[in-house]
């Protein structure tokens, strides 16, 4: 009898071990498929960024060689300074380019230090705000800006937390963004979308929470937001999004729990007018930016959507930006229709390490409940 009991215990343990191994195998397979999807999605963008950075480095080396030759010919070394410093005007094309892009002049090499890796030399505000999808931009729109304050020779980082309180729902968002050489940006954000008492009315349970993970990459193609010409800063980007609960996502009529967005953005600051303008075109199948899945019974194809931002920088309050944003949304589902988004915001850059944003948002219909309006607050810190 004891032998039979021991045998049964051994069988149960082997069964449990087999189940655990099966779960690990399925998890590894799923993780591998997602990595493959991410590689397939981001490979063209990464290839383009590598090509752009290669061309940029080649031009920089050519300019450096030319400047060195000119210095030897004249018997002196040209000085490079910021344009705003009247006592030391820029005396080379390199200095002019650095001034227009909001960077400080070159300094003697002091070895690899934190200040060199994250030099923070770009002008205040050129990192943009933090969007609900993690990329640098406005609250509901992605801009062409690169997150962080790293120059063309260093990196920058920013972290954010935002909270939105709507008529029937709340959303909390945490994320981080990293910029490389003022050229490439990588971002991540997680949304905690809570239904509160409305969840019970929707049949998914009181306080049910939707979770959305968003990974993104952005590449600046050309231009700079502070260039003196009319040419804007232009960037292309891609986002990969994943929802947490497949059963609920399919129950609300969505076709997929994973999806990808691709966009192109143009951002320009007109300093004399104190005006910031951004226009973005996005290809997406996301329902409520992806929090309710992707595609639906009405549409499961990509269609272009518009995002626009307009900001004003009052000269009497340095660091303050007030403005409006607008974003169109796809109509993929009959059961849960959605509306275009609109917000009015005020953002204050205390310094390069701290930014505070507050806004009134109007998000229309979300999961059959109309007139979803409320307040948005966001805190961003970085370097």
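Residue numbers (the UniProt record's numbering): 1 to 383.
We put the beta carbon where it would ideally sit given N, CA and C, even for glycine.
query: Cα-Cα separation, residue 298 to residue 332; result: 5 Å
query: Boundaries (first-last residue) of the alpha helix (DSSP H) holding residue 221; result: Residue 221 -> not in any alpha helix (DSSP H); beta strand (DSSP E) instead, spanning 209-222.
query: Residue 150 to residue 218 span [Cα, whole Å]; result: 15 Å
query: Rounded Cβ spacing between residue 280 and residue 265 (contact assumed at less than 8 Å); result: 4 Å
query: Closest Cα partner of residue 379 within the set 121, 138 and 117; result: 138
query: Neighbourhood of residue 207 by C-beta distance below 7 Å, restricted to the same chain and skipping five residues each side; result: 194, 195, 196 and 199
query: Contact the region 322-340 vs the region 150-166: 3+ CB pairs below 8 Å; result: no
query: Secondary structure of residue 160, DSSP reduced to three states; result: strand
query: Touching by the beta-carbon criterion (3+ pairs, under 8 Å), the region 240-251 and the region 313-327; result: no
query: Stretch-stretch touch, CB-based, cutoff 8 Å, three pairs: the region 175-189 with the region 347-361; result: no
query: Beta-bridge pairing of residue 180 - partner residues as DSSP gives them; result: 155 and 184
query: Cβ pair residue 307, residue 140 closer than 9 Å; result: yes
query: Spatially closest choice to residue 356 from 162, 142 and 274, by CA coordinates; result: 162
query: For residue 344, the three-state DSSP class (helix, strand or coil); result: strand
query: Under the three-state DSSP convention, the category residue 438 falls into; result: Only positions 1 to 383 of the chain appear in this structure, which leaves residue 438 out of reach.
query: C-alpha gap between residue 182 and residue 235, whole angstroms; result: 11 Å
query: Ordered list of beta strand (DSSP E) runs contained in the region 250-308, each at least 3 residues; result: 258-270 and 275-284
query: Cβ neighbours of residue 296 in the same chain (closer than 7 Å, five flanking residues each side left out); result: 253, 254, 255, 287, 332 and 333
query: Residue 277 beta carbon less than 9 Å from that of residue 311; result: yes
query: Candidates 164, 317 and 300: closest to residue 452 by CA position; result: Absent from the structure is residue 452, since the part of the chain shown begins at 1 and ends at 383.
query: Exposed unless 16 or more other CB atoms sit within 10 angstroms - verdict on residue 352; result: buried
query: According to DSSP, residues forming a beta bridge with residue 118; result: For residue 118, which the question treats as bridged, DSSP gives no partner whatsoever.
query: Residues near residue 168 in its chain [Cβ-Cβ closer than 6 Å; skip 5 each side]; result: 198 and 369
query: Cβ neighbours of residue 339 in the same chain (closer than 6 Å, five flanking residues each side left out); result: 364 and 365
query: Where residue 205 falls, given that 16 or more other Cβ within 10 Å makes a residue buried; result: exposed
query: DSSP three-state assignment for residue 396, whether helix, strand or coil; result: For the chain, the structure presents residues 1 to 383; residue 396 sits outside this window and is missing.
query: DSSP-derived helix/strand/coil call for residue 132; result: coil
query: Length of the line joining the Cα atoms of residue 191 and residue 382; result: 20 Å
query: Own chain residues within Cβ distance below 6 Å of residue 172, not counting five before or after; result: 163 and 192
query: Segment limits, beta strand (DSSP E) that includes residue 432; result: Outside the shown range of the chain, which is 1 to 383, sits residue 432, and nothing can be said about it.
query: Span separating the alpha-carbon of residue 360 from that of residue 341; result: 11 Å
query: Per-residue burial, residue 211 [other beta carbons within 10 Å of its own, 16 or more giving buried]; result: exposed
query: Alpha carbon of residue 216 to alpha carbon of residue 262, nearest angstrom; result: 10 Å
query: Buried versus exposed call for residue 232 [16 or more other C-beta atoms within 10 Å across all chains shown]; result: buried
query: Sequence-distant residues of its chain with Cβ nearer than 7 Å to residue 134 (five each side left out); result: 175, 177, 187, 188, 189, 214 and 216
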